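Asks:
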Amino acid sequence: MSAADAEVPVPGQVLAHAGVFALRVPAGWAATGLEGHRYRVRGEGVSLDVSVHRGPSPAPDARATVLAHARAQGAPDDVAALPLHGDDEPTAERAGVRWEHDEGWHLAAALCRGHDVVLVTALAADDDQRAAVERVVTTLAPDDPPRRWWRRR
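Numbering (the numbering used here), first residue to last: 20 to 172.
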């Protein structure tokens, strides 16, 4: 999970919830779920879980969100938040985390904006699956509707 990745992570489809998030999904991958709440994305022998939460309070910091998730899943105390694609460092709006565990690699990314929190999580058995998951997870971004350049009078 690094901004140093020069290639566009995933050409293909986009899984999006209008005004909340967009996630680039490779052609051939499939997404199922309850729109606006929970999705499962499958491909290349792995699956990603995408959950969308909207609360009455402003969303917490994305770095704190992914670190709390990681610790709840048994990550070591020294695990650090990582930047997502296009960022130089983890931000309050977008951050990721990964750590190695007995079952393989755990990966997560959070998008925290307004009152919305989007969490993408996955478990990869080996380095090839980890790379496939990272190409998708790191594309998590806000889905901003196009702005109008004209003004009504």
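Quick reminder that beta carbons are idealized off the backbone N, C-alpha and C, glycines included. Values in this document were obtained by computation on a predicted structure and should not be read as measured data.
Using DSSP's beta-bridge definition, name the partner residues of THR140.
Replies: ASP68 and ALA127, per the DSSP bridge assignment.
Asks: Please check the pair ARG117 and LEU126, which I expect to be a contact at CB under 8 Å, by giving their CB distance rounded to whole angstroms.
Replies: Between LEU126 and ARG117 the Cβ distance is about 5 Å, and since that is below 8 Å, they are a contact.
Asks: For ALA99, which of helix, strand or coil comes out of DSSP?
Replies: Reduced to three states, the DSSP call for ALA99 is coil.
Asks: Do you know how far the Cα of ARG166 is from the Cα of LEU142?
Replies: For LEU142 and ARG166, the distance between alpha carbons rounds to 37 Å.
Asks: Once DSSP output is grouped into helix, strand and coil, what is the label at ALA94?
Replies: Note: ALA94 maps to coil in three-state DSSP.
Asks: First and last residue of the alpha helix (DSSP H) that includes GLU153?
Replies: Note, GLU153: alpha helix (DSSP H), 146-156.
Asks: Pull up the distance between the alpha-carbon of GLU122 and that of ARG61, whole angstroms please.
Replies: Near 18 Å, if we compare the C-alpha coordinates of ARG61 and GLU122.
Asks: Whose C-beta lies closer than 8 Å to the C-beta of TRP48 among residues of the same chain, with five residues either side of it excluded?
Replies: Closer than 8 Å at Cβ, skipping near neighbours: GLY31, GLN32, VAL60, ARG61, GLY62, GLU63 and VAL155.
Asks: Identify the continuous beta strand (DSSP E) that holds VAL197 and give its terminal residues.
Replies: A query on residue 197 cannot be resolved here, the shown segment of the chain reaching from 20 to 172 and no further.
Asks: Are the CB atoms of HIS56 and VAL44 within a distance shorter than 8 Å?
Replies: In this structure, HIS56 does not lie closer than 8 Å to VAL44 by Cβ.
Asks: Excluding the 5 residues preceding and the 5 following VAL27 in the sequence, name in chain order all residues of the same chain whose CB lies nearer than 7 Å to its CB.
Replies: Low confidence applies here, because VAL27 scores a pLDDT of 41, under 50, leaving its location unreliable; read the following figure in that light. Excluding positions up to five away in sequence, the list is empty.
Asks: Helix, strand or coil, according to DSSP, for ALA89 in the structure here?
Replies: Helix, per DSSP.
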